[in-house]
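Protein sequence lines, in the order shown, are assigned to chains A and B.
Residue numbers for the first sequence, in the UniProt record's numbering: 1 to 168.
Residue numbers for the second sequence, in the UniProt record's numbering: 1 to 274.
Below is one structure; the comments refer to it alone.
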Amino acid sequence: MNSALLVNISRFILLLAIQIIIFNNMNFLGFISPFPYLLFIILYPVNGNKSGLLAASFLLGLIMDMFSNSGGIHATACLVLAYFRPSIFKFAFGLSYEYQTIKLNDVLTPQRFSFIAFAVIIHHFTLFFLEAFQVSLLLEALLRTVLSTLFTTITCIIIIYLIKPNKR
Amino acid sequence: MQQIFYFIFKNSNKLLFLLLLGISLSLTIQSHSFHRSKIISSANFLSGGVYERVNNLNEYLNLKIENDALALENAKLKSMLFNLKDSSDIKRLDSIKGVKPEDLLVSKVIRNSYSVHENYLTLNSGELQGVKPDMGVINSLGIVGIIENTSAKYSTVISILNKKSQINAKIKKSNHFGSLIWDGKSTGFVQLIDVPRLASVRKGDTIVTGGQSVIFPENIGIGTIDKIFTEEKNNYYTINVKLFNDMTNLGHVYIIKSKDREEITNLEKREKDE
């Protein structure tokens, strides 16, 4: 239990640090920046404490909001993603996911890819819709969602591959 | 009673989710609807400290550009000084019109954002240096924004590239006033709205701050006219203004500490109370 907790805490801090120091300064075409910090929510243990995940993602989003002066949009988006995570698991891996041993940081399969992509889409849509906060800007929010989803998904997969423990 | 406890225990996750969602949504709505008093902002010990460290590193990479800008400003000031008939009267010269030198506070941008609709900067000076909310922020080229939140050592600035910002501005040669807003599209352009049709505007005219606000002194540069649109519905122009400043590349800035402001706001308050 302790080692899992330690891994999660260090992941929390490390992902926030690289997000704030590196990825927040990235602006492709002026407005697309990847948000790989949500890997924390994606990689949280499948059978881990659910209230723990909710509280941790809220805190994660709140710290992001503090650093980017954005009110509460990251907190809301992270919270929504954390809450719907079990449903995305069911969608991507089939109904009996809890009995399998799902390891996300492993070789990329269609299931793993669809899980990551859907998680990112849900997070980004909430994020950009709340950021625009007007129906008239809905189209622009959608455009940002699509483009940023692409970049975030790619960055997430690259990071998973980079930190994957080499066993084989 | 037991049933209530059972219900709470059974739905604890859902209830926790709803509680946290309520908090975060109210934070979001609060930040969108009020002009100031944001609860979560980067003017605090933790994020200010982190940004200051990161910026210290970045500064080394930008030394050359920053030096060039300073040299250019120096040359401009010197040419003004030497081309004067009586160069002994430096005190009158060594200032922006309407700003006394002791009212300017030099500060540094340690975090700059320009990719979202509501952009904020973080500066490395705060209440200890005398920064208060609603002070104007400029640099050598033109205006940058207005102080929003302050902490002991840091402060956040609502950038002119922010949909919530609205600044009084005028056309330099004709004194017609308008409001400066941003449509959220390009970082190089802002919009001047509510300029009456009577005004004669031409492409290339200079836009400066107007004297109607107590935040900025009059005649601080903003940009030049790029495109002029006429609104069909009302008799006003909407003008696309090309900024003098490159808002994506900001280094040192000046904060304007106007002593007149307190006097004016006090006076206006007294007027209202009576």
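Each residue gets a CB set at the ideal place from its N, CA and C atoms; glycine is no exception.
Annotation: A169/B to I193/B spans about 10 Å, alpha carbon to alpha carbon. By the criterion of at least three beta-carbon pairs nearer than 8 Å, the region 141-153 of chain B is not in contact with the region 151-160 of chain A.
F28/A carries a strand assignment under DSSP once its states are collapsed to helix, strand and coil. Ranked by Cα distance from H117/B, the first of F115/A, F128/A and A117/A is F128/A. A contact between stretches requires three or more CB pairs, one per stretch, nearer than 8 Å, and the region 41-60 of chain A meets this requirement with the region 8-18 of chain A. Contact between I18/A and L81/A does not hold, since the beta-carbon distance rounds to 19 Å and is not under 8 Å.
The C-beta of D65/A has 16 or more other C-beta atoms within 10 Å across all chains shown, which makes the residue buried.
For E271/B and R261/B, the gap between their C-alpha atoms comes out near 15 Å.
For R197/B, the secondary structure class from DSSP, reduced to helix, strand or coil, is coil.
At a Cβ-Cβ threshold of 7 Å, S107/B and V253/B count as neighbours.
C-alpha of F118/A to C-alpha of V46/A: approximately 16 Å in a straight line.
For G61/A, the chain B residues whose Cβ falls inside 9 Å of its Cβ are S24, in order along the chain. A check of alpha carbon separations from T265/B across Q212/B, L61/B and Y114/B identifies Q212/B as the nearest. Within the same chain, no residue comes within 6 Å of I13/A by CB-CB distance, once the 5 residues on both sides are set aside. At least 7 Å separates the beta-carbon of H124/A from that of S87/A. In this structure I255/B is in contact with V131/B, their Cβ atoms being roughly 6 Å apart against a cut-off of 8 Å. Relative to I228/B, the option among M1/B, Y237/B and H32/B whose CA is nearest is Y237/B. Residue-level contact check: N13/B touches chain A, since one or more beta carbons of chain A fall below 7 Å from its beta carbon.
Neighbours of T76/A in chain B, taken as residues whose beta carbon is under 7 Å from its own, are L21, S24, L25 and T28 in chain order. The residues H117, E118, N119, Y120, G145 and W182, in chain order, have a CB closer than 8 Å to that of N162/B in the same chain once the five nearest residues on each side in sequence are set aside. A straight-line Cα-Cα distance of about 46 Å links G184/B and S3/A. The region 221-273 of chain B is shown to contain whole beta strand (DSSP E) runs of 3 or more residues at 221-230, 236-243 and 252-256, in chain order. When C-alpha distances from T126/A are compared across T145/A, T153/A and F23/A, the shortest belongs to T145/A. Your pair L60/A and L29/A does not check out as a contact, with CB atoms roughly 27 Å apart and the cut at 8 Å. By the neighbour-count criterion, in which 16 or more other beta carbons inside 10 Å mark a residue as buried, K153/B falls on the buried side.
The C-beta of F28/A comes no closer than 7 Å to any C-beta of chain B. Contact between V201/B and V208/B does not hold, since their C-beta atoms are separated by about 14 Å, which reaches or exceeds 8 Å. Looking at the DSSP output, L192/B shares a beta bridge with L180/B and I239/B. In terms of beta-carbon proximity, Y60/B stays away from the interface with chain A, with every pair separated by 7 Å or more. Within the same chain, and ignoring the five residues on either side of T187/B in sequence, the residues whose Cβ sits closer than 7 Å to its Cβ are Y114, L161, M247 and T248.
Under DSSP, the beta-bridge partners assigned to N149/B are T156/B.
With respect to Q166/B, S179/B sits close: the two C-beta atoms are nearer than 7 Å. Nearest CB-CB separation between Y154/B and chain A: not below the 7 Å threshold. Identification of chain B residues near I21/A by a Cβ-Cβ cut-off of 7 Å yields V54, ordered along the chain. Note on geometry: alpha-carbon atoms of L19/B and G221/B lie some 48 Å from one another. Contact of K90/A with chain B by beta-carbon distance below 8 Å is absent, the smallest such distance being about 16 Å.
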